[in-house]
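Sequence lines, in order, name chains Y and W.
Read in order, the letters of the first sequence are residues 1 to 354 in the UniProt record's numbering.
Read in order, the letters of the second sequence are residues 1 to 267 in the UniProt record's numbering.
Positions of the beta carbon are idealized from the N, C-alpha and C atoms, including for glycine.
This structure is a prediction, so every number in the text was calculated from the model and none was measured.
Here is the structure we will look at.
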Amino acid sequence: MSPELEKCPRSLLVCEKSNFLNEKSRHDFHVSKHNFNYKISVLMPECGMLPANISTVINSFSHYYLVRALPVHELLEETFLESLVKKGHFYALSYNTKIDEDNSIALLSSGQLILSLDKDTYEQLGLEGRPSLYNHRKAMRFVVTLDLTDKSLSPGTKRYQRVLSSLKDRLPLRYDFFFTKYNTGADEDKTLNKLLSQYAYEEHKPAVSHQTLKEIPCPTLYPSDIQGKTLSCDPHHFLEWLGAVNLDINCENAADSFLSTYVCPEPQSSVSQALLCTVTGFISPENVFALLKELRFTPWVSLTVHGFMDSPVSWGATEHGFLKGGENFYNFVCFKNQDYWLHMATGAQDGCPP
Amino acid sequence: MSVFMDLNIISSNDKNRLKSIIETAAHLGYSTVAINYVVEPQQKKQEIPKPQSVSDIFDKFPIVQGKSSPIKVLNRLTIIASDASHFRPTNEYKSFDLVAVYPKTEKLFHAACMTFDVDIICIAVAEKQPFHFKRAPVNGAIDRGVFFETCYAAAIRDTTMRRYTIANAISLMEVCKGKNIIMSSGAERPLELRGPYDIANLGLVFSLSEGDAKAAVSTNCRAVLLHGETRATASGVVYTMKKPKTPQKQEEESPVSKKKSDTFGNI
Numbered sequence: 001m002s003p004e005l006e007k008c009p010r011s012l013l014v015c016e017k018s019n020f021l022n023e024k025s026r027h028d029f030h031v032s033k034h035n036f037n038y039k040i041s042v043l044m045p046e047c048g049m050l051p052a053n054i055s056t057v058i059n060s061f062s063h064y065y066l067v068r069a070l071p072v073h074e075l076l077e078e079t080f081l082e083s084l085v086k087k088g089h090f091y092a093l094s095y096n097t098k099i100d101e102d103n104s105i106a107l108l109s110s111g112q113l114i115l116s117l118d119k120d121t122y123e124q125l126g127l128e129g130r131p132s133l134y135n136h137r138k139a140m141r142f143v144v145t146l147d148l149t150d151k152s153l154s155p156g157t158k159r160y161q162r163v164l165s166s167l168k169d170r171l172p173l174r175y176d177f178f179f180t181k182y183n184t185g186a187d188e189d190k191t192l193n194k195l196l197s198q199y200a201y202e203e204h205k206p207a208v209s210h211q212t213l214k215e216i217p218c219p220t221l222y223p224s225d226i227q228g229k230t231l232s233c234d235p236h237h238f239l240e241w242l243g244a245v246n247l248d249i250n251c252e253n254a255a256d257s258f259l260s261t262y263v264c265p266e267p268q269s270s271v272s273q274a275l276l277c278t279v280t281g282f283i284s285p286e287n288v289f290a291l292l293k294e295l296r297f298t299p300w301v302s303l304t305v306h307g308f309m310d311s312p313v314s315w316g317a318t319e320h321g322f323l324k325g326g327e328n329f330y331n332f333v334c335f336k337n338q339d340y341w342l343h344m345a346t347g348a349q350d351g352c353p354p
Numbered sequence: 001m002s003v004f005m006d007l008n009i010i011s012s013n014d015k016n017r018l019k020s021i022i023e024t025a026a027h028l029g030y031s032t033v034a035i036n037y038v039v040e041p042q043q044k045k046q047e048i049p050k051p052q053s054v055s056d057i058f059d060k061f062p063i064v065q066g067k068s069s070p071i072k073v074l075n076r077l078t079i080i081a082s083d084a085s086h087f088r089p090t091n092e093y094k095s096f097d098l099v100a101v102y103p104k105t106e107k108l109f110h111a112a113c114m115t116f117d118v119d120i121i122c123i124a125v126a127e128k129q130p131f132h133f134k135r136a137p138v139n140g141a142i143d144r145g146v147f148f149e150t151c152y153a154a155a156i157r158d159t160t161m162r163r164y165t166i167a168n169a170i171s172l173m174e175v176c177k178g179k180n181i182i183m184s185s186g187a188e189r190p191l192e193l194r195g196p197y198d199i200a201n202l203g204l205v206f207s208l209s210e211g212d213a214k215a216a217v218s219t220n221c222r223a224v225l226l227h228g229e230t231r232a233t234a235s236g237v238v239y240t241m242k243k244p245k246t247p248q249k250q251e252e253e254s255p256v257s258k259k260k261s262d263t264f265g266n267i
């Protein structure tokens, strides 16, 4: 067999350990940088019922909107910029667009509008951009980044007029969008409602589901040993086991079963019950942070946050691509003494997580 | 990368079967398919069939899974040529979006690569390749923008054909180094279709690199479509389009020309 067949697409795993109370801890930075979150799953060993504080936090997650056929130039309108984009905490991502096939648009909380365009659209639109980092022999994908908070793109300038006319007249792009806004308390809903009322939209609440697992083996983890050399297990094996539990895959590795050979990594102990809680939707990083603050249970709690496979960016403005898989997720393991482990993983066409 | 395409779905007279194949393709994630009319001129002077109008098959095309746009359907002609006289580009070829040839002899393969006005050259999958691929005609075809096609449906149907498909594909890849390759199904039934990422993995078995294998189902297919479109143009730059001429417009034209002659004194 040719040696090419033995190679798999590469994946990256970055592991970090620290304490939440440590001033140099960068957990808030990592959470806030990962703009688009699709699914959160929490695994709590030795827990039967969903604790009340976690349940209140999850119920207070912001709603998200799915807007149909929104023209992209609406994201550049003056009132929209002033009231939503410049104030921050507003996220938008195009829906039903594949990152490796067609155009994908994302608006980050920092005010950057990222357009990941295929060759034909890029050439017709006429905006300045650069070729994608994940092109093969020919450049087929281009990325246009517009910083909407920049002075040169404020309404009235020549550059702003040019960008607006490209998106309005030269090539009107229309996509379904996900919107979400984290409300910091002030009453800013009016502009968003006014914009939404012009187009067909649906309001959604993140979907929550939980199940209690009985008699499952759980790895024992010691906060000091993240690499798994002496006391705990290897991070790769731990994440594999975590994925198996989330997908309800049998980890017994019985001799007569050929379906799954996944095992719980050593050292392990059997727990009588564990709670698995999943939230899916378009979730903003601020909500994730609020949930993270509540998770302190014995012996450990794991919080996994998955990003969208088709988003143009993963962490910050690092470009994200889809080769055979577009996973970009991070996993917190929180211990009772405020220690935490953070694993950040990406797939083949992705930059290294920060 | 561009959208995923499957450029070889064998046409049949059974409309329902064709409909179900196209629906399966849309469900698997293909954004464009091409219905292939295979013609073998050797038998009793077979005539080139007229392609069925695409809108006859569906009133409303199925939406591609994961996207909001419907699937695009094109028409393609394949000529199985065992003699040079079989391939004669006539006006009937113009009604097809893509033209392909399946050369049976080495001389024809050389001629197809260097001179024939085709978009796709098919590679044998159901039998051992009767001739070896030489670097010269293959490179000539690559320079001209002609693509080589491997079909995988035969590999699904039968194990012996699987061996031939893989062997022929690997020998082609050695010569062309992974450039100008497309992979398509050649499916006669909906069950013979496979998803685009699976076919990209199949490309790894054919000794393509990962990027080349994915391009074989997306970028290269797009290039084939553009090549087919430019066949009807002058060097790909100028093309004619039928403009609907209304009687009103003709009346307006005459006063304008009258004005011109007044200003300049001559027409």
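In the DSSP assignment, the residues bridged to A274(Y) are P45(Y) and L213(Y). Contacts between P299(Y) and chain W, judged by CB atoms closer than 9 angstroms, are missing: the closest CB pair is about 39 angstroms apart. Residues of chain W with a Cβ closer than 7 angstroms to the Cβ of M309(Y) do not exist; the shortest Cβ-Cβ separation is about 10 angstroms.
Apart from sequence neighbours up to five positions away, the residues of its chain that approach S171(W) with a beta-carbon distance below 8 angstroms are Q129, H132 and F133, ordered along the chain. Looking at the DSSP output, D102(Y) bridges to nothing. Ranking K151(Y), D339(Y) and Y160(Y) by CA distance to the CA of E23(Y) puts D339(Y) first.
Cβ neighbours of E16(Y) within its own chain (closer than 6 angstroms, five residues either side excluded): L342.
When C-beta distances to chain Y are compared with 8 angstroms, the residues of the region 53-72 of chain W below that value are G66, K67 and S68, in chain order. Fewer than three Cβ pairs drawn from the region 100-107 of chain Y and the region 241-249 of chain Y lie within less than 8 angstroms of each other, which leaves the two stretches out of contact. Here K17(Y) is bridged, per DSSP, to W341(Y). Short of 6 angstroms from the beta carbon of G145(W), and not among the five residues preceding or following it, lie these beta carbons of its own chain, in chain order: H227. 7 angstroms or more divides the Cβ of C151(W) from the Cβ of L7(W). Look at the region 125-145 of chain Y: the residues with a C-beta under 8 angstroms from a C-beta of chain W are H136, R137, K138, M140 and R141.
Look at the beta carbons and you see the region 109-120 of chain W not touching the region 57-66 of chain W: under three pairs across the two are nearer than 8 angstroms.
Taking a C-beta cut-off of 8 angstroms against chain W, the contacting residues of the region 76-108 of chain Y are N96, T97, K98, D100, E101 and D102, listed in chain order.
Taking one beta carbon from each stretch, the region 52-66 of chain Y and the region 242-262 of chain Y have fewer than 3 pairs nearer than 8 angstroms; the two do not touch. The beta carbon of D212(W) is closer than 6 angstroms to those of G178 in its chain, skipping five residues each way along the sequence.
Residues are counted here when their Cβ sits less than 7 angstroms from a Cβ of chain W; for the region 324-342 of chain Y these are K324, given in chain order. Counting of Cβ neighbours within 10 angstroms places M44(Y) among the buried residues, the total reaching 16 or more. Only residues of its own chain outside the window of five on either side were considered, and among them L323, K324 and A348 have a CB closer than 6 angstroms to the CB of P9(Y), listed in chain order. For the set E266(Y), D150(Y), T230(Y) and Y330(Y), the Cα lying nearest the Cα of S302(Y) is the one of Y330(Y).
A direct Cα-to-Cα measurement between H320(Y) and A207(Y) gives close to 26 angstroms. Close to P9(Y), with beta-carbon spacing below 7 angstroms, are these residues of chain W in chain order: E210. DSSP places P137(W) in the uninterrupted alpha helix (DSSP H) bounded by R135 to R144.
Against chain Y, the CB of V3(W) has a partner CB under 7 angstroms away; the residue lies at that interface.
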